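Notes follow the structure.
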Amino acid sequence: MYMQIDIITALLIAVMLGLIVYAIKSALDYSKKKKETIEQENKPMKIVSIVTCQQNDYTIEREFKEGDFIGKIDGTCPKCNSQMVITKIYSINIEMTQKSFKP
Ligand SMILES: [Zn+2]
Numbered sequence: 000m001y002m003q004i005d006i007i008t009a010l011l012i013a014v015m016l017g018l019i020v021y022a023i024k025s026a027l028d029y030s031k032k033k034k035e036t037i038e039q040e041n042k043p044m045k046i047v048s049i050v051t052c053q054q055n056d057y058t059i060e061r062e063f064k065e066g067d068f069i070g071k072i073d074g075t076c077p078k079c080n081s082q083m084v085i086t087k088i089y090s091i092n093i094e095m096t097q098k099s100f101k102p
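Each residue of the sequence shown is one higher than the one before, counting from 0 in numbering that gives the first Met the number 0.
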C-alpha cells in the first residue's frame with residue numbers, strides 16, 4: 000500500500016516536472032519568436048514605384064516619392080514619348096534584395 004502511493008507520487012512529480020519544463024520551453028520559444036519579429040520590423044525597408052509607358056515598351060523602377068499613387072502620370076517615355084504611368088507601388092526589404100542580386 001505504502002509503495003503504491005510512492006509510485007503515484009513519483010509519477011505525479013514526473014508529470015509536474017514535465018509540465019514545468021514544457022511551460023518554460025514554450026515561454027522561451029515565445030520570447031524568441033517575439034524578438035525575431037521585432038528584428039524583422041527593424042530591417043531597412045524601401046518603397047519602390049514602378050512606372051510603365053502607356054505603350055508598354057519601357058518600364059522603370061524608382062524610389063517612391065511623396066504624392067506617388069497608382070495611375071499617376073509621371074513623365075514621358077524616352078522611347079516613344081507617350082505618358083508614363085505608375086502601375087505598382089510596393090515596399091522591399093533592402094537586405095533581401097541585396098542578397099538576391101548576388102550571383
Ligand atoms: Zn514608350
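Glycine included, C-beta positions come from ideal geometry on N, C-alpha and C.
Treat the numbers as computed from the prediction; the structure is a model and nothing was measured.
- Just so you know, the alpha carbons of Ile85 and Ile69 end up roughly 5 Å apart.
- When DSSP reads this structure, Tyr89 sits in a beta bridge with Val47.
- For Asp56, the Cβ falls inside the 7 Å cut-off from some heavy atom of ligand 1.
- Note on geometry: alpha-carbon atoms of Lys71 and Tyr57 lie some 16 Å from one another.
- Proximity to Val47 across Thr36, Lys34 and Glu62 peaks at Glu62, based on C-alpha coordinates.
- Between Ile91 and Lys45, the gap from beta carbon to beta carbon is short of 8 Å.
- Closest by C-alpha distance to Gly66, out of Ala26, Asp5, Ile88 and Gln54, is Ile88.
- The alpha-carbon separation between Gly17 and Asp28 amounts to approximately 16 Å.
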